[in-house]
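Student: The sequence shown: position 55 = 59 (my numbering), numbered continuously.
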Amino acid sequence: MLITCPYCGPRDVIEFTYQGDGNRERPQPASQDLDAWNAYVYDRLNPAGDHNEIWQHSGSCRAHLRVVRNTLTHEISSVAFTRGDHKVAARHKAEGKS
């Protein structure tokens, strides 16, 4: 499976680390709601079809990426930086790092 890093280009999945479901919302850190924390930690959906995921390009630029991947075919329909990681990648590119 190839993932196209917006900074580094197409790379083999071996360079990436799966970080989890891209749709989950974490409870507030100070929350005492044990049911909310239990659901966040243990409840998982197993969708068939397109799924939002977070991956880190751990083998190169270390950027965190939001990937939409079909769980049946493993086809990747989109890849984008999460949050402000594009600024880090732009700085690395300017400094000649990969």
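Glycine included, C-beta positions come from ideal geometry on N, C-alpha and C.
(1) Answer with buried or exposed for ALA52, where buried requires no fewer than 16 other C-beta atoms within 10 angstroms of its C-beta.
(2) Given that a residue counts as buried once 16 or more other Cβ atoms are within 10 Å of its Cβ, and exposed if not, what is LEU6?
(3) Give every residue of the same chain whose Cβ lies closer than 6 Å to the Cβ of ASP39, excluding the five residues on either side of it in the sequence, and list them in chain order.
(4) Could you tell me the alpha carbon to alpha carbon distance between ALA67 and GLU29, rounded to whole angstroms?
(5) Three or more C-beta pairs closer than 8 Å, one from the region 54-71 and one from the region 9-19: is that the case here?
(6) Given a threshold of 16 other Cβ atoms within 10 Å of its Cβ, counted over all protein chains shown, does LEU69 qualify as buried or as exposed?
(7) Here's the rule: buried if 16 or more other CB atoms are within 10 angstroms of the residue's CB, otherwise exposed. What is ARG87?
(8) Can you tell me whether LYS101 is buried or exposed, with buried defined as 16 or more other CB within 10 angstroms of its CB?
Tutor: Let me lay it out:
(1) Residue 52 sits at position 48 when you count from the first residue of the sequence shown. Answer is exposed; the Cβ neighbour count stays below 16.
(2) Counting from one through the sequence shown, the residue named residue 6 turns up at place 2. That one is exposed.
(3) Position 35 of the sequence shown, counted from the start, is the residue given in the question as residue 39. Here the set comprises nothing.
(4) As a working note, residue 67 is residue 63 in the sequence shown. As a working note, residue 29 is residue 25 in the sequence shown. So the two alpha carbons sit approximately 20 Å from each other.
(5) yes
(6) If you number the sequence shown from 1, residue 69 lands on position 65. The residue is buried, with at least 16 neighbouring Cβ atoms inside 10 Å.
(7) Against the sequence shown, residue 87 aligns to sequence position 83. By the neighbour-count rule (16 or more Cβ atoms within 10 Å), ARG87 is not buried but exposed.
(8) Taking the sequence shown and counting its residues from 1, the one referred to as residue 101 is at position 97. Model confidence at LYS101 stands at a pLDDT of 49, short of 50, so the residue's coordinates are unreliable and nothing is read from them.
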